[in-house]
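Numbering-wise (this note's numbering), the sequence shown opens with residue 1 and increments by one.
Glycine included, each C-beta is placed from N, C-alpha and C at the ideal position.
Written below as structure tokens is the structure these notes are about.
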Amino acid sequence: MWGRWRRGRRDAGLAGIGVHASGLSFVRVVRNAQAPARIAIAEFRPYDGAEPDRVLARLVQDHDLKHQPCTTLLGEGEYRLLQTEAPDVKSEELRAALRWRIKDLIDFHVNDATLDVFDVPVRMPGRAALVYVVVGRNEAIRARADLMHNAGAALDIIDIPELAQRNLAHLLPEDREGVALLTLTEDGAFITITRDGALYLSRTVAEASSALTDERGFEHLLLELQRSLDYFESSFRQNPIMHVVVAPVTTRTEALVAFLRNHLTQRVASWEAGRYGDIEADVPVPDACLLTLGAALRQDKVAL
């Protein structure tokens, strides 16, 4: 998304750093033209009472991240992802036109926002093209950039969880036909619908994960999934999504998978730990690092 800081060559790989309430997640993906990409390092480092900036500085030192291009993900409340019609303007005027269009759709002043935009994959006949607009709070972007820079990390790009989850979904064989990926985090859940590496739809369930672990929480997630799948079919007129994958694999997600299998016609599966498509893994990836892995898998050569 936002890549004004580029300080290194991303073609050799990317390091993802996730900032969470309880600690930092870190994943390094190494790329080499002569070999498959591989996950070289994946760890979750708890704060254990220390300040996040001190823990991050130690992480940077331990893994020599002053020279490794790094990415990080904004969190809940630090950005909005909106879908809207693309204005009929020249490309160089697009962001200004979108800024005017979305100013009443956000809960902070548009002058305090940084925008980026990417296309919705399918254009329906007789309808205007749709775009996704990422609206980041300038204050949050500056704070995250300062945190990374003060720790000495070679910040390359600031991204969003939805695009990190798109990258994760693209590892799944189901993505070729289309897949709804439901990822549970400590802050809630993300639902994305992708097909062949393209993001069609995303939905955030902003609730504490503890509220999603009983049958009432399962019913809430089921409703959000059904709404997402119905919207995909009605809006894009694509073949229906027949695969749902739930991540990460824990006792509570296994119970959720069983619940969803009883209520959905789609094939529901758990994320298979250790299977990352064509990506090799030198180490296991902790559950808390999944979205950070998705961030580190980014290959876009320019900001979207």
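Quick check: the Cα distance between ILE41 and VAL283, rounded to an integer number of angstroms? As a first step, residue 41 is located in the sequence shown; it is residue number 41 there, counting from the start. As a first step, residue 283 is located in the sequence shown; it is residue number 283 there, counting from the start. Looking at the two C-alpha atoms, the distance is approximately 6 Å.
PHE118 (DSSP reduced to helix, strand or coil): Reading the sequence shown from its first residue, position 118 is the one you call residue 118. In this structure, DSSP gives PHE118 an extended state, which the three-state scheme calls strand.
Less than 7 Å between C-beta atoms, sequence neighbours within five positions excluded: which residues of the same chain meet that for ARG45? Within the sequence shown, the letter at position 45 stands for residue 45. Same-chain partners within the cutoff: GLY23, LEU24, PHE26, VAL55, LEU59.
To the nearest angstrom, report how far apart THR213 and ARG252 are at their CA atoms. On the sequence shown, position 213 is the one that residue 213 refers to. On the sequence shown, position 252 is the one that residue 252 refers to. Note on geometry: alpha-carbon atoms of THR213 and ARG252 lie some 6 Å from one another.
Run the CB neighbour count on ASN167, radius 10 Å, all protein chains shown included, and call it buried at 16 or more, exposed below. Here residue 167 corresponds to residue number 167 of the sequence shown, with the count starting at 1. That one is buried.
Please work out which residues of its chain come closer than 7 Å, Cβ to Cβ, to ASP278, disregarding the five sequence neighbours upstream and downstream, and give them in chain order. As a first step, residue 278 must be located in the sequence shown, where it is residue number 278. Excluding residues within five positions, the ones whose Cβ falls inside 7 Å are PRO36.
In terms of residues, what are the limits of the alpha helix (DSSP H) holding ASN167? Reading the sequence shown from its first residue, position 167 is the one you call residue 167. Segment 161–169, the alpha helix (DSSP H) holding ASN167.
Buried or exposed for LEU223, going by 16 or more other Cβ atoms inside 10 Å? As a first step, residue 223 is located in the sequence shown; it is residue number 223 there, counting from the start. In summary, LEU223 is exposed, with fewer than 16 beta-carbon neighbours lying within 10 Å of its beta-carbon over all protein chains present.
Count the other CB atoms, across all protein chains shown, that sit within 10 Å of the CB of GLY274; report buried if there are 16 or more and exposed otherwise. Here residue 274 refers to the residue found at position 274 when the sequence shown is read from its first residue. Exposed.
Applying the criterion that 16 or more other CB atoms from any shown protein chain within 10 Å of the CB defines a buried residue, is LEU229 buried or exposed? Here residue 229 refers to the residue found at position 229 of the sequence shown. Buried, by the Cβ-count rule.
So GLU92 and ALA128 are supposed to be a Cβ contact under 8 Å. How far apart are they, rounded? Against the sequence shown, residue 92 aligns to sequence position 92. Against the sequence shown, residue 128 aligns to sequence position 128. The Cβ separation is near 19 Å, so there is no contact.
How would you label ILE43, buried or exposed, when you count the other beta carbons within 10 angstroms and need 16 or more for buried? Against the sequence shown, residue 43 aligns to sequence position 43. A quick correction: the sequence has Glu, not Ile, at residue 43. Within 10 angstroms of the beta-carbon of GLU43 lie 16 or more other beta-carbons, which makes it buried.
Expected contact under 8 Å - CB spacing of THR71 and GLY136 to nearest Å: As a working mapping, residue 71 is identified with position 71 in the sequence shown. As a working mapping, residue 136 is identified with position 136 in the sequence shown. Going by Cβ atoms, the distance from THR71 to GLY136 rounds to 14 Å, so no, they are not a contact pair.
Verify whether the separation of the beta carbon atoms of ALA189 and GLY294 is less than 7 Å. As a working note, residue 189 is residue 189 in the sequence shown. As a working note, residue 294 is residue 294 in the sequence shown. At least 7 Å separates the beta-carbon of ALA189 from that of GLY294.
Residue span of the beta strand (DSSP E) that contains PRO36, given as start and end: What you label residue 36 is simply residue 36 of the sequence shown in a count that begins at 1. Residues 35–46.
ALA303 - DSSP class collapsed to helix/strand/coil: As a working mapping, residue 303 is identified with position 303 in the sequence shown. Residue confidence for ALA303 is low, a pLDDT of 40 falling below 50, so the modelled location carries little weight; the figure read from the coordinates is stated next. The answer is coil: DSSP assigns ALA303 none of H, G, I, E or B.
Determine, using beta carbons only, whether GLU207 and LEU81 come nearer to each other than 7 Å. Residue 207 sits at position 207 when you count from the first residue of the sequence shown. Residue 81 sits at position 81 when you count from the first residue of the sequence shown. Contact flag unset, no.
Would you mind reading off the limits of the alpha helix (DSSP H) that contains ALA145? What you label residue 145 is simply residue 145 of the sequence shown in a count that begins at 1. Annotation for ALA145: the continuous alpha helix (DSSP H) segment containing it runs 138–151.
Sort out for me which residues DSSP pairs ASN32 with in a bridge. Translated into the one-based positions of the sequence shown, residue 32 becomes position 32. Partner residues in the beta bridge of ASN32, as assigned by DSSP, are ALA35.
Would ALA180 and ILE241 qualify as a contact pair, given that the criterion is a beta-carbon distance under 7 Å? The residue labelled residue 180 in the question sits at position 180 within the sequence shown. The residue labelled residue 241 in the question sits at position 241 within the sequence shown. Between ALA180 and ILE241, the gap from beta carbon to beta carbon is short of 7 Å.
Under 8 Å by Cβ, that's how I've got GLU186 and HIS20 pegged, so tell me the actual separation to the nearest angstrom. Along the sequence shown, read from residue 1 onward, the residue named residue 186 stands at position 186. Along the sequence shown, read from residue 1 onward, the residue named residue 20 stands at position 20. By a beta-carbon distance limit of 8 Å, GLU186 contacts HIS20. Their separation comes to about 6 Å.
Taking DSSP as the reference, what is the three-state secondary structure of ALA273? For the purposes of this step, residue 273 is taken as residue 273 along the sequence shown, with counting starting at 1. Per DSSP, reduced to three states, the secondary structure at ALA273 is coil, with no helix or strand assignment.
Alpha carbon to alpha carbon, how far is GLN299 from VAL30? Give it in angstroms, no decimals. One-based indexing of the sequence shown puts residue 30 at position 30. One-based indexing of the sequence shown puts residue 299 at position 299. Straight-line Cα distance between these residues: approximately 12 Å.
Distance, Cα to Cα, VAL302 vs LEU256? Locating residue 302 in the sequence shown gives position 302, counting from the first residue. Locating residue 256 in the sequence shown gives position 256, counting from the first residue. Note that VAL302 scores 40 on pLDDT, short of 50, meaning its location in the model is unreliable; the coordinates nonetheless yield the value given after this. The alpha-carbon separation between VAL302 and LEU256 amounts to approximately 38 Å.
Look at the alpha carbon of TYR276 and the alpha carbon of ARG216, and state the distance between them as a whole number of angstroms. On the sequence shown, residue 276 is found 276 positions in, with the first residue counted as 1. On the sequence shown, residue 216 is found 216 positions in, with the first residue counted as 1. Cα to Cα, TYR276 sits roughly 32 Å from ARG216.
Beta-carbon contacts of THR250 that lie in its chain and below 7 Å, excluding the five residues immediately before and after: As a working mapping, residue 250 is identified with position 250 in the sequence shown. Take THR250, set aside five residues on each side of it, and the residues of its chain with a beta-carbon closer than 7 Å to its own are ASP287, in chain order.
In DSSP terms, what GLU85 is bridged to: On the sequence shown, position 85 is the one that residue 85 refers to. When beta bridges are read from the DSSP output, GLU85 appears opposite LEU130.
If we ignore side chains and look at the alpha-carbon of each, how far apart do THR192 and VAL89 end up? Here residue 192 refers to the residue found at position 192 when the sequence shown is read from its first residue. Here residue 89 refers to the residue found at position 89 when the sequence shown is read from its first residue. Looking at the backbone, the Cα of THR192 and that of VAL89 are separated by about 29 Å.
N- and C-terminal bounds of the beta strand (DSSP E) containing THR253: Numbered from its first residue, the sequence shown carries residue 253 at position 253. Counting along the chain, THR253 sits inside no beta strand (DSSP E); it lies in the alpha helix (DSSP H) bounded by residues 251–261.
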